[in-house]
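Residue 4 is where the sequence shown starts when you use the numbering used here, and the numbers rise one by one after that.
All C-beta atoms, glycine included, are put in the ideal place defined by N, C-alpha and C.
Model, not experiment: these values are computed from the prediction.
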Amino acid sequence: MASTKIEFTVHMTCEKCVNAISKSIADLEGVQNIDISLERGTVILETNLPSSVIQERIERTGRRAVLKGYGGL
């Protein structure tokens with residue numbers, strides 16, 4: 004299955020937020036090139052998983068994730 008680039012808007016206030024989100028998705032098989040920006044409030048990654056799986060993992064950290072962009076590479 005081909006990888007898809009996915010972007011979420013996530014409210015983050017500090018580096019602890021970034022670290023929590025990173026840990027929550029880094030161990031998922033099929034996820035690569037994770038880019039989390041505290042400044043922009045975005046999480047961008049490449050994956051072959053459904054966006055709902057990634058969104059659920061992010062939201063388990065107590066933050067709301069809104070799908071902002073979804074497309075091919």
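Burial state of residue i, where buried means 16 or more other Cβ atoms lie within 10 Å
i, result
"R60", "buried"
"A29", "exposed"
"L70", "exposed"
"A3", "With the chain running from 4 to 76 in the structure shown, residue 3 is simply not present."
"T50", "buried"
Nearest residue (CA-CA) to residue i, options the options
i, options, result
"E62", "S6, K8, L52 and T12", "T12"
"S25", "P53, G72 and I47", "I47"
"T16", "S55, Y73, R66 and P53", "R66"
"S40", "A68, V21, I9 and T7", "V21"
Secondary structure, alpha helix (DSSP H): runs of 4+ residues fully inside the segment 32 to 68: 54 to 62
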